[in-house]
Amino acid sequence: MSIFDQAKHDVERARFIGDVRDLLAILRRQPNELLPFDWVRHLAPDGEHQRGLETIEVDHIIGSVDRYREFDRHYLPKEAHLDERWIGVRAAQLQGKELPPIQVYKVGDLYFVKDGNHRVSVARRQGQKFIDAYVIELHVTVPPEEGDTLKDLIIKGEYAQFLKATNLDTLIPHHLPIRFTTPGRYEKLLEHIRTRQYFLDRKPERAGLPPITWEEAVESWYRRLYCRIVENIDLHDVMSRFPGRTEADLYLWIMDHRYFLTQKYGHDVGSEEATMDFRAQHAPPLYKRLGQRVKLVLRGKLNPAM
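Here our numbering is used: the first residue of the sequence shown is 6, the next is one more, and so on.
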């Protein structure tokens with residue numbers, strides 16, 4: 006078989022495997038597309054710098070600047086019109102020719118291809134572990150992860166803005182991650198902190214003292230409100246009854262429930278009672294929880310053993 010015929014056979018095989026992966030992704034309801042680099046703007050990058058020529062891991066390339074529709078998430082070619090370019094790269098590889106480095110943007114530990122998509126596709130199809138690349142790194146506070154969707158990146162961008170607004174990373178360097186599953190929730194946390202600041206200032210024992218600073222309010226909110234509810238969530242095994250949710254999701258729900266109970270009984274019931282009552286009153290029935298777990302496992306969002 007000639008080198009050209011071998012390269013042609015390889016691209017046809019690659020597109021066939023791509024079709025199979027597309028079908029499996031539909032059945033599993035999992036995304037199978039490359040991430041567009043444009044989505045990175047949602048992470049609110051605050052600077053970039055040239056890292057120069059580096060050897061990077063092929064499997065850590067998850068997106069493209071302008072060719073994200075032409076390859077699937079495994080960098081398999083999706084369109085027949087790509088064959089000639091793909092065959093040319095593969096034929097050069099078979100002939101032992103040295104291919105030029107690709108160009109990528111580095112975001113966290115992952116990469117988006119600026120130039121060299123076909124070289125990445127061929128390399129990945131042949132099981133190549135590393136590839137040379139000219140790297141431009143973008144600095145983000147909350148980095149992307151493999152498998153992220155547009156919604157995930159939007160939420161991470163909101164988290165980054167929250168961290169900048171609160172300076173929580175500096176105040177409490179090893180704080181618990183605060184991750185939501187729905188956009189638009191971090192503004193509610195800022196409202197909680199502002200409310201915390203207001204009431205701390207009005208405690209009788211603070212008469213004549215300087216006003217509570219924003220930093221003091223942030224630290225008090227985190228340690229006295231957020232962490233206490235997270236501890237109670239863990240203590241009373243609440244997470245297992247809300248598959249697919251996070252501690253931050255439950256924190257907001259429990260705080261709302263605490264306010265409801267306080268209005269109902271005429272006194273503050275406290276975080277633990279609010280957590281236990283929320284678990285008893287609002288946990289989905291067992292059959293719904295099992296159904297949700299199956300969906301999450303099929304989408305690769307949950308370990309079957311959990």
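Just so it is clear, CB atoms sit at the ideal spot from N, CA and C, and this is done for glycine as well.
Computed from a prediction, not measured in an experiment: that's the story for all the values here.
According to DSSP, is residue i helix, strand or coil?
{"i": "ALA49", "result": "coil"}
{"i": "SER7", "result": "coil"}
{"i": "ASP138", "result": "The sequence shown places Ala at residue 138, rather than the Asp named in the question. Looking at ALA138 - three-state DSSP - the assignment turns out to be strand."}
{"i": "LEU87", "result": "helix"}
{"i": "ASP153", "result": "coil"}
{"i": "PHE247", "result": "coil"}
{"i": "LYS14", "result": "The identity of residue 14 in the sequence shown is His, whereas the question assumes Lys. Helix, per DSSP."}
{"i": "GLU59", "result": "strand"}
{"i": "ALA97", "result": "helix"}
{"i": "LYS193", "result": "helix"}
{"i": "PHE76", "result": "strand"}
{"i": "ILE107", "result": "strand"}
{"i": "ASP71", "result": "coil"}
{"i": "HIS272", "result": "coil"}
{"i": "PRO216", "result": "coil"}
{"i": "PHE117", "result": "strand"}
{"i": "PRO188", "result": "coil"}
{"i": "HIS287", "result": "helix"}
Roughly how many angstroms separate the alpha carbons of residue i and residue j, rounded to a whole number?
{"i": "ARG124", "j": "VAL94", "result": "6 Å"}
{"i": "HIS197", "j": "TRP226", "result": "8 Å"}
{"i": "GLU278", "j": "ILE160", "result": "30 Å"}
{"i": "HIS79", "j": "GLN133", "result": "13 Å"}
{"i": "THR171", "j": "TYR191", "result": "11 Å"}
{"i": "ILE67", "j": "LEU58", "result": "19 Å"}
{"i": "ILE177", "j": "TYR164", "result": "15 Å"}
{"i": "LEU173", "j": "HIS180", "result": "8 Å"}
{"i": "TYR139", "j": "LYS83", "result": "26 Å"}
{"i": "GLU151", "j": "ALA85", "result": "27 Å"}
{"i": "VAL147", "j": "PHE117", "result": "16 Å"}
{"i": "PHE204", "j": "LEU257", "result": "19 Å"}
{"i": "VAL235", "j": "PRO188", "result": "20 Å"}
{"i": "ARG199", "j": "VAL274", "result": "21 Å"}
{"i": "ALA97", "j": "ALA12", "result": "9 Å"}
{"i": "GLY162", "j": "HIS144", "result": "12 Å"}
If you count every other CB in all the chains shown that lies within 10 Å of the CB of residue i, and 16 or more means buried, which is it?
{"i": "HIS262", "result": "buried"}
{"i": "ASP153", "result": "buried"}
{"i": "TYR231", "result": "buried"}
{"i": "HIS65", "result": "exposed"}
{"i": "LYS119", "result": "buried"}
{"i": "PRO105", "result": "exposed"}
{"i": "GLY77", "result": "The question names Gly, but residue 77 is Asp in the sequence shown. Classification of ASP77: buried, given that the 10 Å Cβ count is 16 or more."}
{"i": "GLY23", "result": "buried"}
{"i": "PHE21", "result": "exposed"}
{"i": "GLY52", "result": "exposed"}
{"i": "GLY213", "result": "exposed"}
{"i": "GLY271", "result": "exposed"}
{"i": "SER276", "result": "buried"}
{"i": "PRO290", "result": "exposed"}
{"i": "PHE247", "result": "buried"}
{"i": "MET260", "result": "buried"}
{"i": "LYS111", "result": "buried"}
Counting only the same chain and skipping the five closest in sequence on each side, list residues whose C-beta sits under 6 Å from that of residue i.
{"i": "ASP15", "result": "ARG95"}
{"i": "ASN122", "result": "SER69 and ARG72"}
{"i": "ARG233", "result": "SER276"}
{"i": "GLU17", "result": "none"}
Mind reading off the beta-carbon distance from residue i to residue j? Whole number of angstroms is fine, and I expect it under 8 Å.
{"i": "ARG284", "j": "VAL243", "result": "5 Å"}
{"i": "ILE238", "j": "GLU221", "result": "Actually they do not touch by this definition, with Cβ atoms about 25 Å apart."}
{"i": "ARG26", "j": "LEU81", "result": "7 Å"}
{"i": "ALA30", "j": "ARG130", "result": "So it is not a contact: roughly 18 Å between Cβ atoms."}
In chain order, what residues of the same chain lie with their CB nearer than 7 Å to the CB of residue i, ignoring the 5 residues before and after it?
{"i": "LEU158", "result": "TRP44, HIS47, LEU48 and PRO149"}
{"i": "ARG74", "result": "none"}
Cβ of residue i less than 9 Å from any chain C Cβ?
{"i": "LYS208", "result": "Here chain C cannot be found, since the structure has a single protein chain."}
By Cβ distance below 8 Å, which residues in the same chain neighbour residue i in space, the five residues on each side in sequence not counted?
{"i": "LEU195", "result": "PHE167, ALA170 and THR171"}
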